[in-house]
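Those protein sequence lines, which keep their order, are chains A and B.
For the first sequence, counting from 1, position 206 maps to 213 in our numbering; every step adds exactly one.
For the second sequence, counting from 1, position 165 maps to 410 in our numbering; every step adds exactly one.
Notes follow the structure.
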Amino acid sequence: MKKVTLIAVAAAVAAGSPAAADLVFPSLSYRTGPYAAGGIPFADGYADYMTLLNERDGGIGGVMTRVPECETAYNTERGVECYESTRGEGALVYQPLSTGITYQLIPRTTVDGIPLHTMGYGRTSAANGDVFSHTFNYPANYWDAASVIVNQLLEENDGSLEGQTIALLYHNSAYGREPIRTLETLSEQHGFELSQLAVDHPGQEQGNQWLQIRRERPDYVVMWGWGVMNQVAIQEAINVRYPMENFIGNWWAGADHDVESAGADAAGYRSLNMNRLGDMPVFAEIQEHVIDAGLNAGDGTNLGNVLYTRGMYAAMLAAEAAATAQEIHGVAEIDASMMRDGMEALEITNARMEELGMPGIGPEFAVTCEDHGGTGMAIMQQWDGEAWVTLTDFIAPDDSVTQPLVLEDSAQYAEENGIESQCGES
Amino acid sequence: MFYREAGDYKTSYAADNQTFPILFDRYRYYFVLIVGALIIPFVLNDYWANSILIPFLIYAIAAIGLNILTGYCGQVSLGTGGFMAVGAYTSYKLMTAFPGLDMISVTLLSGVMTAMVGVAFGLPSLRIKGFYLAVATLAAQFFLVWLFNKVPWFYNYSASGQISAPERDFFYFTGIPVTGPNAEAWAKYLFCFLFVFVLAWVARNLTRGSVGRQWMAIRDMDIAAEIIGVNPLKAKLTAFAVSSFYVGIAGALLFTVYLGAVEVGEVYGITKSFLVLFMIIIGGLGSIFGSFAGAAFMVILPVVLRNFLTGTMNWDSALATHFEFVIVGALIMFFLIVEPHGLARLWALVKEKLRLWPFPH
Numbered sequence: 008m009k010k011v012t013l014i015a016v017a018a019a020v021a022a023g024s025p026a027a028a029d030l031v032f033p034s035l036s037y038r039t040g041p042y043a044a045g046g047i048p049f050a051d052g053y054a055d056y057m058t059l060l061n062e063r064d065g066g067i068g069g070v071m072t073r074v075p076e077c078e079t080a081y082n083t084e085r086g087v088e089c090y091e092s093t094r095g096e097g098a099l100v101y102q103p104l105s106t107g108i109t110y111q112l113i114p115r116t117t118v119d120g121i122p123l124h125t126m127g128y129g130r131t132s133a134a135n136g137d138v139f140s141h142t143f144n145y146p147a148n149y150w151d152a153a154s155v156i157v158n159q160l161l162e163e164n165d166g167s168l169e170g171q172t173i174a175l176l177y178h179n180s181a182y183g184r185e186p187i188r189t190l191e192t193l194s195e196q197h198g199f200e201l202s203q204l205a206v207d208h209p210g211q212e213q214g215n216q217w218l219q220i221r222r223e224r225p226d227y228v229v230m231w232g233w234g235v236m237n238q239v240a241i242q243e244a245i246n247v248r249y250p251m252e253n254f255i256g257n258w259w260a261g262a263d264h265d266v267e268s269a270g271a272d273a274a275g276y277r278s279l280n281m282n283r284l285g286d287m288p289v290f291a292e293i294q295e296h297v298i299d300a301g302l303n304a305g306d307g308t309n310l311g312n313v314l315y316t317r318g319m320y321a322a323m324l325a326a327e328a329a330a331t332a333q334e335i336h337g338v339a340e341i342d343a344s345m346m347r348d349g350m351e352a353l354e355i356t357n358a359r360m361e362e363l364g365m366p367g368i369g370p371e372f373a374v375t376c377e378d379h380g381g382t383g384m385a386i387m388q389q390w391d392g393e394a395w396v397t398l399t400d401f402i403a404p405d406d407s408v409t410q411p412l413v414l415e416d417s418a419q420y421a422e423e424n425g426i427e428s429q430c431g432e433s
Numbered sequence: 246m247f248y249r250e251a252g253d254y255k256t257s258y259a260a261d262n263q264t265f266p267i268l269f270d271r272y273r274y275y276f277v278l279i280v281g282a283l284i285i286p287f288v289l290n291d292y293w294a295n296s297i298l299i300p301f302l303i304y305a306i307a308a309i310g311l312n313i314l315t316g317y318c319g320q321v322s323l324g325t326g327g328f329m330a331v332g333a334y335t336s337y338k339l340m341t342a343f344p345g346l347d348m349i350s351v352t353l354l355s356g357v358m359t360a361m362v363g364v365a366f367g368l369p370s371l372r373i374k375g376f377y378l379a380v381a382t383l384a385a386q387f388f389l390v391w392l393f394n395k396v397p398w399f400y401n402y403s404a405s406g407q408i409s410a411p412e413r414d415f416f417y418f419t420g421i422p423v424t425g426p427n428a429e430a431w432a433k434y435l436f437c438f439l440f441v442f443v444l445a446w447v448a449r450n451l452t453r454g455s456v457g458r459q460w461m462a463i464r465d466m467d468i469a470a471e472i473i474g475v476n477p478l479k480a481k482l483t484a485f486a487v488s489s490f491y492v493g494i495a496g497a498l499l500f501t502v503y504l505g506a507v508e509v510g511e512v513y514g515i516t517k518s519f520l521v522l523f524m525i526i527i528g529g530l531g532s533i534f535g536s537f538a539g540a541a542f543m544v545i546l547p548v549v550l551r552n553f554l555t556g557t558m559n560w561d562s563a564l565a566t567h568f569e570f571v572i573v574g575a576l577i578m579f580f581l582i583v584e585p586h587g588l589a590r591l592w593a594l595v596k597e598k599l600r601l602w603p604f605p606h
C-alpha cells in the first residue's frame, strides 16, 4: 500500500513540474486558517500585479512571469514543504509573509542561493547584508516600526515621554517578540515605562490582557498583532472603553478587515503603514487588464485595500529587482543568483514609482551590499470609522537606536554559524 | 497463496515466538529494511526527504511512543506536544552548551531528559485515570509550552524566542552534518531511519516481554492486574518513561533534523498532541505497525492530496486546502466506521484472508 502512495506522489509531483523559461515568483500564501484574513488580500495583490505585467507589458523584459501558489496556512512545517516543492521550478525569490517561516528559510535559501525578501517582517537583523547575503528586508523592519511609533509619540508629547506608560500587546511568537528589544532600549532612553502583554496563538483569547489594560490604564497601547488577533483586540478595546486614539497598531495590525467589523466604534484607531493608500493609476490598470479579463487571483473585491496594496507593492519590488538583474547581467531569463544581484542593486525613486502608476507608494530607497534594510520609514494612518486616512508623511526611525541592535544581533548570528563578511572591505 | 505456513517448520520456541512467524512476512520485512537503508538513500532528492520521508519517520517515532503509553498501557495522554518540546529544547541546550557533542548522543540525552519529565507528569496516573488523566497531561502540555516561552534561558535569550539548530555531525569525527542547512538529504534520512529502526525494534520486543505484558494487564483491568501481582506504580511509570523517551526523541529530531528552527507555541502546541493521538487511533492502538500506518496516513496523505489537487487537477490552492480537510476527515471517519481498531487491524484481517485464500471456510 505504501508503494502505491509513493508512486502516486511521484506522479503528482511529476505532473506539477514546470514549463521552462518563465520568471517564477512562488507565493507561499495562506488563504485558510486564523491568519487568512491578512493572507488573502496580500496574495491577491502579489499575483494580480504579476498578471498585470504579463497582460500589459508581456512580462518583465519580455519574459513572462509565473506565480505558483502554495498554501502554508501560516504554518512553518507546511511552509518548509512548500519551499521544497516549489524551489525546483526555478524560483527567483521567496516572500513567505511569515516570520516563523522566514526563520526556517534563512539558512536554507542561503545555501541554495535563492534570495529571500521579507518585507517588514522576518528576522530584523537580516538588514545587515554583510552577514545575511541572501536575505533582504527592505523597505523597513520591526525595529524601525517600533522606533517610528515612539518618534511619533515623542512629537505628539512635545519631545518627552518621561513618566508615561506604554503597553505592548504582542502575538506570543517570534513575530510579536521582535520589537521588544528595541522598545526596551527606547524606554530607557526616553524614560517611559514599558509593560508587556503576550497573546497566545491564534490570538482570540485576550480577556486577561484587556482586564489588565483596563486596570492599569497605560497612556498608550502598542499592538503587534496579525490575523484574527487584531479584530479581537479592537473589539476588546472598545469594550473596556480604552481611548482609541491612544491605541496604535504596527503595519500588520492596520488593515481594512481588522476594523471593519467594529466599524464606527473603532474610529480613532491608528496604525503604521509602510505603503501609502489612495486611488492610484495602477489600480485602474489592474481592474482593466486583470479583473475585467477574469484573471484575478482572488475574487477581485480586495483591490486597493491596505494589504492588497502591500502585496502589490511587494510584487512591484520583486519585478523591479528582476528588471535590474536583467540589466546588470544582460540576459532576460535570469536565475536566482542574478536575481540576488538585482535585489542588491535595487533603487526605488519617486520618479520610478510615478512611472509605474503608484506615486509615493513607499519611501525612496537604495539597497547596498551592507544595507539590505532600506530606510525604515513608515507613515501613520487612522481609521475614521469608514476608511483609513493617512495622517502623516513618511516618518524616519531613530537609526542610532536600531543600527547597534542590528549589528549586535547579526554579529551573534554570524558567530554562531561561522559566517564570514560578505561585502569585503568597505 | 501468500502467507502459507505450510513447509515453514519451527523447531524451537524462539522460532515459534518470533515477531514475523510467517516466512513471507519475514522476507517482506527484510525487503523493506533493505530498500529503506540501502536503496532509498541513493535515489533520494531534497523534496522527497524533507517533505515526505523525514517527517514520516519522525512522526512514526512519536506515534510509537504514544502508542506505548496509550495503546499498550491504557493511559490516555494529551501531553505529546509538550514532551516533544522538552526533547527539542534539551537538544538545543545541549547543542549550544556542548558544541563537541555528536547528534546521536544529543538525541539520546534529549530522550532521557524527556523520560524524566514524563515520569514526573506521570505520577498523577497512580491516582486518576481516563479522562481525568487526559486533563492532567493536558496541563503538562500547556505548562511546558508556557515554560519554554516564558523563561529566556531555554532559548538562550534570543530576540525572537526562536531556537535554531547549529550544524552538528552524525557521529564523532565523521564530518557528516545532519543538522543545519548544509546537511545532505541522505544523511538526514539515514539518521532518522537508524533511530526509527532501533526504536521500533526495541519497542516491539519490549511489548512482547514481561514489561509489555504488565502494561497490557494494567490497560485491560488495573485491579485484576494488581491481584495477579503486577505492580501498578512500576508498570505505569515505566510506560510513562519509555513513552516519553520516544516522544522526546521525536521532538528533538523534528527540531534538529527536520525544521532547524522552532517556535514552541506553534510547532509543539496542542494540535501536535492531537495529531499524534489521531495517528495512533487511525493506525491502531497497541500495534507497532499501526503507529507506522497512522503516521503515514496523517503525514503522507495530505501531501499527496495537495500535490494531486493543485498539481494535477490545477485547483486553486485555498480550495484544495479546504478540500484536503474534508477528504482527510471523511477518510478518517470511513476507516473508523469500517474498522474501529484502525489500519493495523484492517491489515491483520487482510493477512488472515490471504492465508485462507482462495478457499475460505
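Here a beta-carbon is modelled for each residue, glycine too, at the ideal position from N, C-alpha and C.
Values in this document were obtained by computation on a predicted structure and should not be read as measured data.
For residue j and residue i, the rounded distance between their alpha carbons
i: F199 of chain A; j: S407 of chain A; result: 18 angstroms
i: A497 of chain B; j: S489 of chain B; result: 12 angstroms
i: L218 of chain A; j: Y249 of chain A; result: 11 angstroms
i: W395 of chain A; j: T308 of chain A; result: 17 angstroms
i: L499 of chain B; j: F485 of chain B; result: 20 angstroms
i: A18 of chain A; j: D299 of chain A; result: Low local confidence applies: a pLDDT of 45 at A18 of chain A is under 50, so the model's placement there is unreliable, with the coordinate-based value given in what follows. For A18 of chain A and D299 of chain A, the distance between alpha carbons rounds to 36 angstroms.
i: H296 of chain A; j: M57 of chain A; result: 11 angstroms
i: T264 of chain B; j: V288 of chain B; result: 30 angstroms
i: S355 of chain B; j: T315 of chain B; result: 21 angstroms
i: H264 of chain A; j: P366 of chain A; result: 25 angstroms
i: T39 of chain A; j: P209 of chain A; result: 13 angstroms
i: H124 of chain A; j: D137 of chain A; result: 16 angstroms
i: G528 of chain B; j: T72 of chain A; result: 44 angstroms
i: R94 of chain A; j: V396 of chain B; result: 36 angstroms
i: D64 of chain A; j: F290 of chain A; result: 16 angstroms
i: Q213 of chain A; j: W391 of chain B; result: 16 angstroms
i: L35 of chain A; j: C77 of chain A; result: 5 angstroms
Residue interval of the alpha helix (DSSP H) (run including residue i)
i: C77 of chain A; result: C77 of chain A -> not in any alpha helix (DSSP H); beta strand (DSSP E) instead, spanning 76–78.
i: W560 of chain B; result: Segment: none, W560 of chain B is in no alpha helix (DSSP H) and carries neither H nor E.
i: S194 of chain A; result: 187–197
i: I279 of chain B; result: 268–279
i: I468 of chain B; result: 467–472
i: I306 of chain B; result: 299–311
i: L284 of chain A; result: That residue, L284 of chain A, is in no alpha helix (DSSP H); it is neither H nor E in DSSP.
For residue j and residue i, believed in contact at Cβ under 8 angstroms, the rounded distance
i: M251 of chain A; j: G275 of chain A; result: 3 angstroms
i: P122 of chain A; j: F139 of chain A; result: Incorrect: roughly 10 angstroms between the Cβ atoms, too far for contact.
i: I402 of chain A; j: I426 of chain A; result: I402 of chain A to I426 of chain A, Cβ: 33 angstroms. No contact.
i: M323 of chain A; j: L363 of chain A; result: 6 angstroms
i: V413 of chain A; j: T83 of chain A; result: Incorrect: roughly 24 angstroms between the Cβ atoms, too far for contact.
i: G86 of chain A; j: T79 of chain A; result: 4 angstroms
i: E423 of chain A; j: P411 of chain B; result: 6 angstroms
Opening and closing residue of the beta strand (DSSP E) in which residue i lies
i: N280 of chain A; result: 277–280
i: F254 of chain A; result: 254–256
i: T172 of chain A; result: 172–178
i: V228 of chain A; result: 227–231
i: V396 of chain A; result: 395–397
i: S202 of chain A; result: 200–206
i: I121 of chain A; result: Here I121 of chain A belongs to no beta strand (DSSP E), and DSSP marks it neither H nor E.
i: L35 of chain A; result: 34–36
Proximal residues of chain D, C-beta to C-beta of residue i below 7 angstroms
i: N295 of chain B; result: The structure shown contains no chain D; the protein chains it does contain are A and B.
Query raised in the report: Is the segment 561–581 of chain B touching the segment 507–514 of chain B, taking contact as three or more C-beta pairs under 8 angstroms?
Result: Segments in contact, no.
Report task. Could you please tell me which residues of the segment 399–430 of chain B, in chain order, have their CB closer than 7 angstroms to any CB of chain A? Result -> If the cut-off is 7 angstroms between Cβ atoms, the segment 399–430 of chain B has A404, S405, G406, Q407, S409, P411, G425, P426, N427 near chain A.
Report task. May I ask you to list, following chain order, the residues of the segment 113–124 of chain A that have a beta carbon less than 9 angstroms from some beta carbon of chain B? Result -> For the segment 113–124 of chain A, which is checked against every Cβ of chain B, the residues closer than 9 angstroms are I113, P114, R115, T116, T117, V118, D119.
Query raised in the report: Hey, is the segment 257–267 of chain A in contact with the segment 337–355 of chain A, meaning 3+ C-beta pairs nearer than 8 angstroms?
Result: Contact fails: fewer than three Cβ-Cβ distances are below 8 angstroms.
Requested in this report: Could you say if the segment 435–442 of chain B and the segment 301–312 of chain B meet the contact criterion of at least three C-beta pairs nearer than 8 angstroms?
Outcome: Short answer: they touch.
Query - Contacting positions in the segment 62–92 of chain A - beta carbon closer than 8 angstroms to chain B - result: Residues of the segment 62–92 of chain A that bring their beta carbon within less than 8 angstroms of a beta carbon in chain B comprise E76, C77, E78, A80, N82, T83, E84, V87, E88, E91, S92, in sequence order.
Query raised in the report: Looking at chain B, which residues of the segment 185–213 of chain A have a Cβ within less than 8 angstroms of any of its Cβ atoms?
Result: Answer set for the segment 185–213 of chain A: E185, I187, R188, A205, D207, H208.
Query raised in the report: Just by C-beta distance, which residues in the segment 35–53 of chain A are closer than 7 angstroms to chain B?
Result: Against chain B - using a Cβ distance shorter than 7 angstroms - the residues of the segment 35–53 of chain A are S36, R38, T39.
Query raised in the report: Relative to chain A, which residues along the segment 538–550 of chain B have a C-beta separation below 7 angstroms, given in chain order?
Result: Those would be A541, I545, V548, V549, in chain order.
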